[in-house]
Structure formats: C-alpha cells, structure tokens
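Numbering (the working numbering), first residue to last: 1 to 546. Take a look at the structure set out below.
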C-alpha cells in the first residue's frame, strides 16, 4: 500500500454552530473556531472536518447551500474563513470542507433561475417531472425527512425532486454543465489552501430517478472519477465520501488504490445494526457486541490491503458515542476511554466528533419545542399523525435524534458552558458543570488526556497505522479483542464492552506474552497469564516485539 500523509492523521469534526461563539449572538462562528486552534493543536489532531459554513437559509443547518463561494453571515466572512485556513495550517492542521453537491438550497441562484421558465438555461440543473395522471407526484418516492420527495411548482406545472427537505432541490448530475460548475467551484476552494473535502451523501449523485434508484446508480463511479481528475486528483488531498449505502465491495470501488476516486468513505453498518428494521433509528435495538464485532471485523478484513477505513463513533447526525456504545452513568469515564482506545487501535483514519474527547453525552429535552433539528421535528409531526405516541417518539429522539450531537460544546462551568455570552441557539446539556474542557484539562487522568495520548501514539507507532488486523476471542459476548501485526511488532488490544468484572481465558499461544503497555484506562498491564480479570470497561493495548 502506498503511504499517504493522512494515514497516521486524526480528524476532528467541528459543527460550527455549536462549537464556539465569539460575538455573543448565541451561534458558533469562524472566529470562535480560530480562538480554539491552540486547544486542537494541543490535542494533536491534523485535520478539521468543518461542517458547512457556506451562505445558507439554514433550513437544514447549512446543508442547504445558497452560495458555495460565500460564508453565512452568522458564521463570519470569507476573509475570516481564509484566516482560519491559514491559522490552522500554521499549526499543521488542514481543513476539510464539507461539500454538499447532491442538492442545493432553493435560494441558490441556479434554482431561482430554474423556476423562471422551462426554457431557462438553468432549468436542467435540477430534476423535473410532469405530474402523474391524477395530477399528483410523478411517483411514490418519499423524502428522507418525511413526506413526498416531489414538490409542485405552480409556475411551470411540474414537480422537482428533493430527497431531503422541500427546500433542498436535487441537482441533475446528468447535465454536464452541473459538472463544470461544481468542479470549477471545488478548484477555487482547493486554491485557498484547504486539505480536501468531506462529501455529503455522495452516493446519491448518480441516481436513476424514474427507477427510484437513489444510491449507487449506474453512473456514480463515472461521475466521481471525472470529479477526481478535474479537481482533487491533481494534488495530495484527502477526500471522504458519506455513503450510507456502502458495502465493503462498494467501498473498494470508492477507495481502491487504482480507482482514482476517493481516499475513503464513511460507512454506517455499525450504526444501523441497532436500528429497528421497520421504524429505523426512531426505535432503537439494544447494543449487542456480537453483531457489532462482526461488522467491524468484516470491514477491517475487506479493506485491509486495497482500500482505507474511516473510523468513527459519532458525528453531527448521530448520538453521542458514550451514550450509545458505552455507559453515560457511573462508568462514563472508563467507558469513554475504552471506546477511544478501541477506535484508535483499529486500522484506518480515526474521526473525533467535537466533545467526544471529554465524554459529552446525549441530552434529554422533555419538550419537542426544545429541539431544533428539521428531521426530528418533521418525523415527530408525521409519526404522531400516523398514531405513534408522543412518548415513543421522544424515546427515539432521546436515543438517536441529531440534536444529541448539536448541543453546544462544553468548555467550562460558567453559564452556557462558556460557549456564548448570549442565548445559545439550542440549549446546553445541563451536565456541563461536571463535563467540560476546563475540568478535563486539570485532571491528568481525564478522557481528554487519554485522547491526546492515543493521537500521539499513532504518530510514533506504525503498527497502529499499517498493522494487519486479526480478531482474537471472536466469540466472547462482552470482550472485543484483536491483534495488529507489522514486521516484528505485535499489538494486542483488549476491550471490555461491559460494566461487569470479567475473568477471561487467554488463548494458549498468547499466555506467556509480555511487553510494553502503550495505553490503558486502569493500571497498566505488561504481561498476560492463563487468565486475567478485567474491570468494568477496561481497555489496554500491549505491544510486543519478537
């Protein structure tokens, strides 16, 4: 495998609206991010994935872009954005821009022009269909945000496609002019010095609309290769595609070394394991380690030599890691450290979502009016109309709603967690007085310093980056363990995913192993015996040299 500069990097995702507010308007902004670059440098990360800061009416918190080459006023100015890029680069941190090109805002100039007439040059930038025979939508495709995926335009008597909000019309990637405009825009961003792109729902751009094939359409990989050759393929950039539909086979098409497509993709198999087959994420299934391990092992094996894994527990669309996979109660700290060790000791590029490094948890607002996420609000209204109870929907929102990840970053114990001097756009999690950065910085054994150590280890131990993966004790219902092997080094990683004391039998071939404990969340372990007792959520990585 050809080595890349980003193989040993760690990515930190910032959701700008909720990270740091510099001017007291209750909304995080670019200058707020700049003010925290020293903190991120101290943490040791190399890349910031920046959720959208482009001009937008904010129907979907910035994932509805009205101008790809301007900055939303609440976040700042283009001059401030360019300063962020340069200030980050001085600290050896690159910016990954969040690129949303499956759709735009309905306030984008292209769509405003498209509405003017069927003959407008921009009409074919979007996807239009005539009504069905009864005058209704062209077909029964449903938006992922609820309701029909078709919106009627009275002016032309036609419907336009929107896979998400009605205010997010889908771009028509069968139109070469769309390619040209998007590619030119991407190149102008690259010229500003960014490190690459995170590509929102990129698996949807090759859609075959009339067959209702929305993901993995026949032209998808042709379009991505064209994009690669016209833009980021001409430099040493990082690209990660959000691909909810990806299987390991598809991931190799995206990220195989000879494919000339993307660096890696986000896949969500490990997330969807715990969604109900019919109600999706709004009715959670309990965490089951056996199925989770099977998914992780499948991906580690499939992409071992020709692709590259992205590793993450959470992001702006997902619940907080410690609430979903660990214990947000008595064992919050050891379970958060265990989750960190597990993630950073797998093969691939780790992603940290803001606040994960201090063990931030899900929030439980009691009133639906306290939530801001369009997906949660729309689905709540739709499901209640279908007979689902308020209590059941709130259970789903508490467990998996997107606002769990969007409450403000908890910097200190002052009002509003030090996020803003004003009124925050969404309420702060009430536990901020106990869980915050300032407190974590003062505690030498905090979750934060555990993350810093893991990030530093990746820079110094190639076995963590390039070592082969081999599952150990795969049938154990509470322990996830594996070996990473590179040349004469072997790294054994053992994680207790339960809040119980466990005695585990060590496989015979490992019983006399001893070496250097790289990291642990309890007392360091430097040797193995016939059996060992693990404490609740205990985790350690033991390095041995042959």
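From the three backbone atoms N, C-alpha and C, an ideal C-beta is built for every residue, glycine too. This one's a predicted model, so the numbers in the text were calculated from it and none came from an experiment.
In whole angstroms, what is the alpha-carbon distance linking residue i and residue j?
{"i": "residue 76", "j": "residue 430", "result": "28 Å"}
{"i": "residue 131", "j": "residue 242", "result": "32 Å"}
{"i": "residue 380", "j": "residue 426", "result": "18 Å"}
{"i": "residue 269", "j": "residue 245", "result": "9 Å"}
{"i": "residue 492", "j": "residue 483", "result": "5 Å"}
{"i": "residue 310", "j": "residue 227", "result": "21 Å"}
{"i": "residue 526", "j": "residue 300", "result": "26 Å"}
{"i": "residue 394", "j": "residue 324", "result": "16 Å"}
{"i": "residue 232", "j": "residue 303", "result": "22 Å"}
{"i": "residue 141", "j": "residue 150", "result": "8 Å"}
{"i": "residue 339", "j": "residue 432", "result": "21 Å"}
{"i": "residue 258", "j": "residue 264", "result": "13 Å"}
{"i": "residue 83", "j": "residue 544", "result": "45 Å"}
{"i": "residue 155", "j": "residue 171", "result": "19 Å"}
{"i": "residue 211", "j": "residue 145", "result": "20 Å"}
{"i": "residue 214", "j": "residue 506", "result": "47 Å"}
{"i": "residue 449", "j": "residue 523", "result": "16 Å"}
{"i": "residue 73", "j": "residue 387", "result": "40 Å"}
{"i": "residue 60", "j": "residue 167", "result": "9 Å"}
{"i": "residue 400", "j": "residue 408", "result": "17 Å"}
{"i": "residue 255", "j": "residue 1", "result": "12 Å"}
{"i": "residue 343", "j": "residue 294", "result": "15 Å"}
{"i": "residue 247", "j": "residue 221", "result": "14 Å"}
{"i": "residue 55", "j": "residue 38", "result": "27 Å"}
{"i": "residue 21", "j": "residue 475", "result": "47 Å"}
Is the CB-CB distance between residue i and residue j below 7 Å?
{"i": "residue 64", "j": "residue 18", "result": "no"}
{"i": "residue 48", "j": "residue 14", "result": "yes"}
{"i": "residue 530", "j": "residue 8", "result": "no"}
{"i": "residue 189", "j": "residue 97", "result": "yes"}
{"i": "residue 239", "j": "residue 262", "result": "yes"}
{"i": "residue 282", "j": "residue 396", "result": "yes"}
{"i": "residue 126", "j": "residue 57", "result": "no"}
{"i": "residue 192", "j": "residue 85", "result": "yes"}
{"i": "residue 436", "j": "residue 416", "result": "no"}
{"i": "residue 480", "j": "residue 495", "result": "yes"}
{"i": "residue 351", "j": "residue 403", "result": "no"}
{"i": "residue 199", "j": "residue 68", "result": "no"}
{"i": "residue 123", "j": "residue 159", "result": "no"}
{"i": "residue 359", "j": "residue 330", "result": "no"}
{"i": "residue 510", "j": "residue 486", "result": "no"}
{"i": "residue 497", "j": "residue 289", "result": "yes"}
{"i": "residue 296", "j": "residue 194", "result": "no"}
{"i": "residue 230", "j": "residue 183", "result": "yes"}
Please state the DSSP three-state secondary structure of residue i.
{"i": "residue 280", "result": "strand"}
{"i": "residue 128", "result": "strand"}
{"i": "residue 241", "result": "strand"}
{"i": "residue 485", "result": "strand"}
{"i": "residue 159", "result": "strand"}
{"i": "residue 501", "result": "coil"}
{"i": "residue 168", "result": "coil"}
{"i": "residue 235", "result": "coil"}
{"i": "residue 433", "result": "helix"}
{"i": "residue 496", "result": "strand"}
{"i": "residue 365", "result": "coil"}
{"i": "residue 5", "result": "coil"}
{"i": "residue 479", "result": "strand"}
Since residue i is in the beta strand (DSSP E), which residue starts that stretch and which ends it?
{"i": "residue 541", "result": "539-545"}
{"i": "residue 153", "result": "150-153"}
{"i": "residue 350", "result": "349-353"}
{"i": "residue 264", "result": "264-266"}
{"i": "residue 374", "result": "Careful: residue 374 lies outside any beta strand (DSSP E), inside the alpha helix (DSSP H) at 374-385."}
{"i": "residue 516", "result": "516-520"}
{"i": "residue 410", "result": "Unbroken run through residue 410: none, as it is neither H nor E."}
{"i": "residue 13", "result": "11-14"}
{"i": "residue 470", "result": "468-472"}
{"i": "residue 98", "result": "94-99"}
{"i": "residue 196", "result": "196-199"}
{"i": "residue 69", "result": "67-71"}
{"i": "residue 532", "result": "531-534"}
{"i": "residue 47", "result": "47-50"}
For the alpha helix (DSSP H) containing residue i, list its first residue and its last residue.
{"i": "residue 35", "result": "30-35"}
{"i": "residue 253", "result": "248-255"}
{"i": "residue 558", "result": "Missing from the structure shown is residue 558; the chain here goes from 1 to 546 and no further."}
Can you determine whether any heavy atom of the ligand NAP sits closer than 6 Å to the C-beta of residue i, and answer yes or no?
{"i": "residue 183", "result": "Because no ligand of any kind appears in the structure shown, any question about the ligand NAP cannot be addressed here."}
Any beta-carbon of chain C closer than 7 Å to the one on residue i?
{"i": "residue 316", "result": "In the displayed structure, chain C is absent; only one protein chain is listed."}
Any chance the region 306-320 sits against the region 511-523, with 3 or more Cβ pairs inside 8 Å?
no
For the 8 Å Cβ check, are there 3 or more pairs between the region 493-509 and the region 534-544?
yes
Check whether the region 158-176 touches the region 206-223, counting contact only when three or more Cβ pairs, one atom from each stretch, lie closer than 8 Å.
yes
Specify whether the region 343-357 and the region 324-335 touch according to this definition: at least 3 beta carbon pairs, one from each stretch, less than 8 Å apart.
no
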